[in-house]
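One structure is given below, encoded as structure tokens.
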Amino acid sequence: MSDALFRNEPVSSTPCVADGVSISLAAPLKRYSLRARTAEALETVLNAKVPQKIGATEGGIACLGPDEWFLRTAAETAMPTDTGLPVAITDISERSICLVVEGPRAAELLMTGCPLDFDNFAVGRATRTIYETVEIIIIREGEDRFHVEVWRSFAAWLWTAFTAAASH
Amino acid sequence: MSGYRLENGGRIDRSRPVEFSFDGNPYQGFAGDTLASALLANGISLFGRSFKYHRPRGIMAAGSEEPNALISVDRGAGRFTPNLRATGVEIHAGLNAFSQNRWPSLKRDFGAINDRLGMFFPAGFYNKTFMWPRSFWEKLYEPAIRKMAGLGDAPTQEDPDIYASTYAHCDLLIVGAGPAGIDAALEAMGSNKRIILIDEQDELGGGALADPALWPWLERSRKALIDAPNVTILTRTTAFGYYHDNFIGAVQRLTDHMPNNSDSPREKLWRVRAGEVVLAQGAIERPLVFDGNDTPGVMLSSAAKVFANRFGVAVGTSVALMTAHDSGWHDVFALVKAGVGIKAVIDVRTELSSALLDEASRLGINVYLNHSVTGVNGRHRVTSIQICNNDDFVGARIDCDTLLMAGGWTPSVHLWSHSKGSLAWRDDIGAYVPDQPNENARCVGACSGGWDFGSGMIVDVLPTPKDQSRIKAFVDFQNDVTAKDIKLAVREGFRSIEHIKRYTTNGMATDQGKTSNLNGLQIASTALAKPVTDIGLTSFRPPYTPQTFGALAAHAKGALFQPTRTTNIDGWAAENGAVFELVAQWRRARYFPKMGEDMHAAVNRECVAVRSSVGIFDASTLGKIEVVGPDAAEFLNRMYTNPWKALEPGRCRYGLLLKEDGFITDDGVSARLAPDRFHLTTTTGGAARVLNMMEDYLQTEWPDLDVWLTSTTEQYAVIALQGPNARKLLEPLVEGIDLSADAFPHMAIREGTICGIPTRLFRVSFTGELGFEINVPTAYGRAVWEHLMAEGAKFDITPYGTEAMHVLRAEKGFIIVGQDTDGTITPFDAGLDWAAGKKKPDFVGKRSMARPDIVAPGRKQLVGLLTDDPNVVLEEGAQIVADPRQPIPMTMIGHVTSSYWSETLGRSIAFALVAGGHEMMGGMLYIPMPGKTHEAKVSGMVFYDAEGARLHV
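Written out as structure tokens, the structure reads:
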């Protein structure tokens with residue numbers, strides 16, 4: 001892509017650092033929605049293993065539902081055409097941004113608006129959920145480190161909500 | 001004793017005096033006092049005026065069941081809180097509290113005239129009296145009643161405080177930290193359970209706080225619980241509601257007890273999901289029902305003990321007790337021990353344990369068995385009481401300044417009932433107790449009916465020689481309901497307690513019958529001569545005690561009220577003076593006024609620019625769905641009205657989407673990118689609805705189809721370039737796409753790059769001009785936009801907003817679903833039958849299009865309207881009549897759906913839905929508007945370039 005044209009992000013590139021938790025914008029990623037009748041069909045098209053258990057993550061691919069996976073990667077993935085296989089790959093790289101929520105109070109921050117029980121949410125797990133009324137995908141990257149994927153138009157609201165909750 | 005403050009005792013910190021004010025007068029209390037205890041210590045007995053009769057009222061209880069002493073606290077501008085219970089307000093330096101529902105002052109209240117006229121205000125008075133004339137209700141009766149009957153003033157300024165909110169999960173939630181709740185926590189503490197212990201007071205202990213013998217145990221327990229890593233203690237926190245699946249709402253009060261307003265949250269809403277819930281809410285003492293039982297100085301016996309033992313306050317200097325229960329005797333013994341002077345104990349019973357009588361005798365207390373209080377003297381404070389023998393009504397007068405009542409105990413089953421746990425009646429205590437749980441929950445301690453207060457007798461109204469219809473014996477103190485009101489309701493034919501409650505207001509509103517429910521039931525039971533269990537029990541509703549709107553709204557105010565969705569180009573629009581409008585959740589640029597321009601001037605200029613050179617428009621909010629899979633074409637063929645299977649890759653088609661009922665629900669232009677890949681567009685507001693509808697069909701009707709839907713609305717920023725110079729502007733910036741008319745015709749899509757950024761380039765037009773819609777990855781939307789603005793300067797490129805877009809599309813006869821349709825419009829009604837595939841065997845809504853009503857004549861149909869006076873722009877929504885001379889009310893045959901001034905045409909244009917409109921071409925219709933009835937000719941809907949010459953260039 002042209003270096004001459006700038007990316008315009010919906011939230012500040014300066015992290016918000018509060019007591020015990022920081023919130024920052026992750027670097028751009030390629031993102032793909034992977035849909036398939038069976039995991040095997042998807043593996044054939046991707047020529048890679050995909051996790052079979054909902055919520056599990058493997059090689060940057062999270063299984064979000066019975067026929068839905070979410071791939072996040074640095075590299076571009078070809079969108080195969082007319083494979084005849086029951087598989088659909090859609091480029092959603094710029095649909096969302098990723099906020100990195102990090103620190104000993106990271107789970108506490110998410111719990112201010114997300115009804116999940118993070119004591120029972122293992123590292124490596126990914127799920128689509130909500131923060132108050134806004135849909136997000138949470139990926140637990142580490143004990144104290146979460147990736148929160150949010151659609152771009154909701155990102156400014158979520159950033160404001162996170163930073164407000166972090167300051168409390 | 002100094003004043004009413006006892007020399008010793010209590011948990012207050014006597015080394016820390018606290019200055020505060022009540023009704024503008026300065027007072028002093030101690031750290032640890034509530035407003036109630038501090039004012040009682042200062043000899044204050046009058047706290048407020050009652051809801052309906054404006055009767056003087058004092059403190060009745062010591063906890064959150066207090067029905068009388070509702071006060072307001074003013075913490076500065078916008079920080080005014082009405083209707084707080086004085087028993088729950090902790091004093092702090094500078095506390096500024098006020099009494100309520102009185103004018104001009106608490107002691108001299110004009111509204112007290114209601115009390116004299118009480119006989120004219122029986123139960124159901126409002127319903128009976130103020131019905132006619134009907135028109136008087138809103139203007140006269142209701143405002144007058146609201147002024148007279150009421151609680152504190154509602155705040156009028158914006159609340160500057162902030163409120164926090166969180167979810168929490170635990171294995172065990174304990175509500176109530178009295179001895180039973182603390183025991184439950186101690187018992188579970190050693191497990192690996194996550195425990196949350198909630199209590200509404202400022203410190204743990206509940207009833208134990210009024211029992212000095214338990215303080216050493218309490219301190220040990222408190223330390224143990226604080227040290228336990230798996231126990232979270234939330235004091236000053238009220239569990240106000242119990243919802244499905246052990247979901248409990250609680251509000252924690254964080255700063256109200258502190259002297260200064262702070263920037264940290266005032267309250268925090270806890271939304272707790274618990275594995276198991278243990279309710280240890282305790283029991284509430286029941287008042288006794290007798291004439292004058294609401295006089296200031298008459299209070300619950302247990303409250304007097306709390307004030308003495310916890311706060312070191314004597315509620316009076318000469319105290320009498322009216323009791324029907326052993327617990328009153330124990331309270332009086334404790335008061336004697338604390339140094340409070342006891343004048344007499346009157347017990348309605350004839351027989352009771354000799355231990356109580358012996359102890360009373362030992363303490364030198366006068367005892368009257370088989371006696372009742374029949375009257376209370378004193379207006380702002382008890383001065384004496386009348387008592388009578390229950391059998392011969394021989395009476396006596398006892399001088400005292402305080403009368404305690406002990407009517408037995410009511411287990412607090414509010415939260416249990418929220419959870420739909422069942423209740424069982426216990427005759428021995430005259431109360432309902434928890435029975436079968438509906439959730440994983442149990443009750444412990446006094447709220448389960450298990451207590452050691454001794455026994456008592458259940459009396460509905462104390463015996464009296466007085467005419468029962470002339471006495472004021474209160475049942476519900478907060479709602480001013482007397483025993484005779486309940487009896488009146490029964491006489492007037494009400495049989496169920498649900499109806500009696502609503503007719504009399506007993507147990508309603510913020511109080512939720514904490515002190516009144518059981519007495520009300522007993523009185524109704526006697527009046528109906530039926531057992532209590534036969535007349536039902538009213539529902540307890542959340543909240544247990546009133547909570548602030550602020551806590552419930554939490555973050556959802558100001559910028560966080562609701563997400564306002566913005567596009568990648570929104571910032572540019574804001575910087576360039578756009579006037580915005582909200583479309584669904586989106587903020588969209590409506591027009592871009594230049595210096596001095598009003599909306600019409602700006603819109604006219606923007607429209608002319610598009611028609612004469614080139615306009616640029618942010619269309620990013622259009623809904624987009626990527627439909628991918630081997631069965632993609634088959635799926636769309638079934639969803640849309642028109643054929644999709646034969647559409648070639650690289651071409652676009654207008655898609656019309658119906659609901660099952662045959663009515664238009666959405667439309668949009670969609671493109672086939674590959675045999676198994678489509679790029680759909682929907683309306684801005686319809687994006688989520690259309691995706692849901694398609695998913696619904698896919699998952700429930702055709703799960704066999706191998707096709708998947710992905711929302712790509714936010715994957716692409718969309719820039720519409722429209723106008724005769726659009727191609728010229730685009731050509732040097734695009735690579736990999738031949739833009740020539742032959743290679744890239746109208747209604748086609750190509751993939752390539754623009755300014756080096758990958759693009760899905762549509763050649764489509766919603767304006768009737770040569771047009772392109774540039775889809776680029778969203779992050780680059782603004783950069784590409786700015787590049788086009790810079791390069792387009794030589795064509796005088798003009799940004800335009802949604803208003804000009806509306807005008808331009810109307811000139812071309814393009815409808816907007818939701819504006820020109822209303823959910824009852826078929827493709828035929830809208831003149832879009834060309835888009836409904838006649839040969840297709842089926843599509844969503846096809847069957848409904850043959851329904852008799854759908855093919856009947858006289859349906860409302862979409863037509864164009866041209867006003868006789870070209871300068872008149874009709875009002876959107878204006879009604880249409882066929883004959884303006886018909887008598888009023890006229891028959892309205894339709895309405896104007898879209899109406900604009902068209903600068904291009906030099907006249908106004910409009911669309912309208914008109915009954916049988918398609919048959920009226922060339923006819924005249926009439927549109928009555930303020931001041932004048934306008935005449936308009938029915939026309940086709942395409943007002944400009946009907947042959948489409950400007951498109952195909």
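Those protein sequence lines, which keep their order, are chains A and B. Just so you know, we're using this note's numbering here: the first sequence kicks off at 1 and counts up by one. Just so you know, we're using this note's numbering here: the second sequence kicks off at 1 and counts up by one. Virtual Cβ for every residue (Gly too), placed ideally from N, Cα, C.
Subject >> Per-residue DSSP class, three states only, for residue 139 (chain B) >> reply: helix
Subject >> Closest by C-alpha distance to residue 268 (chain B), when choosing among B:455, B:551 and B:153 >> reply: B:551
**OP:** Examine chain B for any beta-carbon lying closer than 7 Å to the beta-carbon of residue 139 (chain A), and answer yes or no.
**Re:** no
Original post:
Expressed to the nearest angstrom, what Euclidean distance is found between the alpha-carbon atoms of residue 740 (chain B) and residue 604 (chain B)?
Top reply: 30 Å
Subject >> Assigned exposure category for residue 248 (chain B) - 16 Cβ within 10 Å defines buried >> reply: buried
Original post:
Ordered along the chain, which non-local residues of its own chain (more than five positions away) have a Cβ less than 8 Å from that of residue 1 (chain A)?
Top reply: Note that residue 1 (chain A) has pLDDT 43, beneath the 50 cutoff, so the model's placement of it is unreliable and the number below is only indicative. Cβ neighbours of residue 1 (chain A) beyond the five flanking positions: none.
Subject >> Test item: CB-CB of residue 405 (chain B) and residue 288 (chain B) under 7 Å >> reply: yes
Subject >> residue 732 (chain B) in three-state terms, based on DSSP >> reply: helix
**OP:** Taking a Cβ distance cut-off of 8 Å, strictly less, list which residues of the region 763-788 of chain B are near chain A, in chain order.
**Re:** 777, 778, 779, 780, 781, 782, 783, 784 and 787
Subject >> Min CB distance residue 676 (chain B) to chain A below 7 Å >> reply: yes
Subject >> Proximity of residue 57 (chain A) and residue 30 (chain A) at Cβ, strictly below 7 Å >> reply: no
Original post:
Comparing the C-beta of residue 29 (chain A) with each C-beta of chain B, is any distance below 7 Å?
Top reply: no
Original post:
To which residues does DSSP link residue 911 (chain B) through a beta bridge?
Top reply: B:864 and B:898
Subject >> Close-in-space but distant-in-sequence residues of the same chain around residue 1 (chain B) (CB under 7 Å, 5 per side omitted) >> reply: The predicted position of residue 1 (chain B) is uncertain, since its pLDDT is 43 and thus under 50; a value taken from the coordinates is nonetheless stated next. Cβ neighbours of residue 1 (chain B) beyond the five flanking positions: 7, 314 and 339.
Original post:
Would residue 159 (chain A) count as contacting chain B if we go by Cβ distances under 7 Å?
Top reply: no
Original post:
If you measure from the beta carbon of residue 169 (chain B) to each beta carbon in chain A, is any gap under 7 Å?
Top reply: yes
Subject >> Three-state secondary structure (DSSP) of residue 448 (chain B) >> reply: helix
Original post:
Does any CB atom of chain B fall closer than 7 Å to the CB of residue 172 (chain A)?
Top reply: Residue 172 (chain A) is absent from the structure shown; chain A starts at 1 and stops at 168.
Original post:
With a CB to CB cut of under 7 Å and the five nearest residues on each side skipped, what residues in its chain are close to residue 408 (chain B)?
Top reply: 286, 324, 325, 429, 430, 456 and 458
Original post:
Quick one: does residue 706 (chain B) have its CB under 7 Å from some CB of chain A?
Top reply: yes
Original post:
Within 10 angstroms of its Cβ, does residue 541 (chain B) collect 16 or more other Cβ (buried), or is it exposed?
Top reply: exposed
Subject >> Minimum length 3: unbroken beta strand (DSSP E) runs contained in the region 43-113 of chain A >> reply: 61-65, 68-73, 87-91 and 96-102
**OP:** Flag residue 151 (chain A) as yes if its beta-carbon sits less than 7 Å from any beta-carbon of chain B, otherwise no.
**Re:** yes
Original post:
Does the Cβ-Cβ distance between residue 747 (chain B) and residue 652 (chain B) come in under 7 Å?
Top reply: yes
**OP:** Counting only the same chain and skipping the five closest in sequence on each side, list residues whose C-beta sits under 7 Å from that of residue 44 (chain A).
**Re:** 85
Original post:
residue 68 (chain B) by DSSP, collapsed to three states: which one?
Top reply: coil
**OP:** May I have the straight-line CA-CA distance separating residue 573 (chain B) from residue 770 (chain B), to the nearest angstrom?
**Re:** 24 Å
Subject >> Opening and closing residue of the alpha helix (DSSP H) in which residue 328 (chain B) lies >> reply: 326-338
Original post:
With contact counted as at least three CB pairs below 8 Å, one residue from each stretch, are the region 788-806 of chain B and the region 616-634 of chain B in contact?
Top reply: yes
**OP:** Taking 7 Å as the cut-off, decide whether the C-beta atoms of residue 939 (chain B) and residue 864 (chain B) are in contact.
**Re:** yes
Original post:
Is the CB of residue 2 (chain A) under 7 Å away from at least one CB in chain B?
Top reply: In this predicted model, residue 2 (chain A) has a pLDDT of only 46, less than 50, meaning its place in the structure is not dependable; the value taken from the coordinates is given anyway. Residue 2 (chain A) counts as touching chain B.
**OP:** Closer than 7 Å by C-beta to residue 727 (chain B): which residues in its own chain qualify, once you throw out the five before and the five after it? Chain order, please.
**Re:** 739 and 770
Original post:
Which parts of the region 544-606 of chain B are runs of the beta strand (DSSP E), unbroken and 3 residues or longer, counting only runs that do not cross its ends?
Top reply: 579-583 and 586-591
Original post:
For the region 919-934 of chain B against the region 884-897 of chain B, are there 3 or more C-beta pairs whose distance is under 8 Å?
Top reply: yes
Original post:
Where does residue 212 (chain B) fall in DSSP's three states?
Top reply: helix
Subject >> From B:591, B:175 and B:576, residue whose alpha carbon lies closest to that of residue 582 (chain B) >> reply: B:591
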